[in-house]
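Colleague: One structure is given below, represented as structure tokens, and several questions about it will come after.
Numbering (our numbering), first residue to last: 297 to 490.
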């Protein structure tokens with residue numbers, strides 16, 4: 297699924313401005329596939345795998361404006377740094393979840409409530425406040441939140457809580473994607489020469 301996301305980003309990089317204009321349509325397509333395509337294809341092995349790859353391809357496309365802006369500012373190396381840092385963090389959190397004797401299955405509800413609060417705060421900041429400080433706080437919160445989701449989802453997968461491997465892959469992919477995007481934004485904010 298990471299390969300499909302990378303392919304989506306690579307194939308559409310020359311069209312970053314067009315993608316920026318249609319970002320809400322692309323985001324809507326991602327949500328449709330996530331909530332309807334993947335759930336309707338559950339139990340249909342070939343189709344659900346195709347939906348997984350289509351979803352991850354579209355998430356790669358939706359990353360293009362952020363990636364293009366970093367490359368345009370001469371900070372392309374930051375993309376590799378963010379990917380490496382996210383991979384190490386994700387791997388460490390997954391190993392912790394697998395090897396921990398603690399039970400994290402009760403984290404689901406508090407994490408979901410926190411996710412809703414973060415989404416609302418993001419929308420308020422995006423449409424009303426437009427505060428750079430609030431953006432930094434929300435982005436750091438997203439990184440922390442999806443770090444906890446990684447622990448929760450990894451342990452659920454290890455305990456057999458998912459019906460299909462595609463569902464498990466989507467959960468971990470969303471965790472990684474959100475951590476990577478947050479890491480990329482934070483490095484872009486704090487890693488510049490300005």
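From the three backbone atoms N, C-alpha and C, an ideal C-beta is built for every residue, glycine too.
If you're wondering where the values come from, they're calculated on a predicted model, not measured in any experiment.
If I measure Cβ to Cβ from residue 349 and keep anything under 8 angstroms in the same chain, skipping five residues before and after, which residues do I get?
Modeller: Within the chain shown, residue 349 is the residue found at index 53, counting from 1. Excluding sequence neighbours, residue 349 sits near 297 and 300.
Colleague: From 441, 342, 320 and 433, pick the residue whose C-alpha is nearest to that of residue 460; which is it?
Modeller: For this step, residue 460 is matched to residue 164 along the chain shown. Minimum Cα distance to residue 460 is reached at 342.
Colleague: Quick check on the burial criterion: 16 or more other C-beta atoms within 10 angstroms. Buried or exposed for residue 369?
Modeller: As a position in the chain shown, residue 369 is number 73, starting the count at 1. Classification of residue 369: exposed, given that the 10 Å Cβ count is below 16.
Colleague: Can you give the Cα-Cα distance for residue 420 and residue 312, rounded to whole angstroms?
Modeller: Here residue 420 refers to the residue found at position 124 of the chain shown. Here residue 312 refers to the residue found at position 16 of the chain shown. Those two C-alpha atoms are separated by around 26 angstroms.
Colleague: Do you know offhand how far residue 367's Cα is from residue 484's?
Modeller: For the purposes of this step, residue 367 is taken as the residue at position 71 of the chain shown. For the purposes of this step, residue 484 is taken as the residue at position 188 of the chain shown. C-alpha separation (whole angstroms): 10 angstroms.
Colleague: By DSSP, does residue 312 sit in helix, in strand, or in coil?
Modeller: For this step, residue 312 is matched to residue 16 along the chain shown. Helix, per DSSP.
Colleague: In chain order, what are the residue ranges of uninterrupted alpha helix (DSSP H) at least 4 long that sit wholly in the segment 349-395?
Modeller: Those alpha helix (DSSP H) runs which fall completely within the segment 349-395 and span 4+ residues are 373-395.
Colleague: Going by the CB atoms, is the gap between residue 454 and residue 393 shorter than 9 angstroms?
Modeller: Within the chain shown, the letter at position 97 stands for residue 393. Within the chain shown, the letter at position 158 stands for residue 454. Yes, the pair counts as a contact, with Cβ atoms nearer than the cut-off.
Colleague: Name the residue from 353, 375, 480 and 374 whose alpha carbon lies nearest to the alpha carbon of residue 329.
Modeller: For the purposes of this step, residue 329 is taken as the residue at position 33 of the chain shown. Selected option, being the one with the closest Cα: 353.
Colleague: Express the C-alpha separation of residue 472 and residue 442 in angstroms, rounding to a whole number.
Modeller: Mapped onto the chain shown, residue 442 falls at position 146. Mapped onto the chain shown, residue 472 falls at position 176. If you take the alpha carbons of residue 442 and residue 472, they lie about 8 angstroms apart.
Colleague: Is residue 477 near residue 359, with beta carbons less than 9 angstroms apart?
Modeller: Position 181 of the chain shown holds residue 477. Position 63 of the chain shown holds residue 359. Cβ atoms of residue 477 and residue 359: closer than 9 angstroms.
Colleague: Going by beta-carbon coordinates alone, are residue 487 and residue 316 separated by less than 9 angstroms?
Modeller: Along the chain shown, one-based indexing puts residue 487 at 191. Along the chain shown, one-based indexing puts residue 316 at 20. No. Outside cutoff.
Colleague: On the criterion of 16 or more Cβ atoms from any shown chain inside 10 Å, does residue 479 qualify as buried, or is it exposed?
Modeller: In the chain shown, counting from the first residue as 1, residue 479 sits at position 183. Residue 479 comes out buried.
Colleague: Tell me whether the beta-carbon of residue 452 lies closer than 9 angstroms to the beta-carbon of residue 401.
Modeller: Here residue 452 corresponds to residue number 156 of the chain shown, with the count starting at 1. Here residue 401 corresponds to residue number 105 of the chain shown, with the count starting at 1. Closer than 9 angstroms, so yes.
Colleague: Rounded to whole angstroms, what's the CA-CA distance from residue 428 to residue 364? Just pull it up for me.
Modeller: Sequence index remark: in the chain shown, residue 428 carries index 132 (1-based). Sequence index remark: in the chain shown, residue 364 carries index 68 (1-based). So the alpha carbons of these two residues sit roughly 20 angstroms apart.
Colleague: Buried or exposed: which applies to residue 357, given that a residue is buried once 16 or more other Cβ atoms fall within 10 Å of its Cβ?
Modeller: Within the chain shown, the letter at position 61 stands for residue 357. Under this definition residue 357 is a buried residue.
Colleague: Between which two residues does the alpha helix (DSSP H) carrying residue 467 extend?
Modeller: In the chain shown, the residue the question calls residue 467 occupies position 171. Segment 461-486, the alpha helix (DSSP H) holding residue 467.
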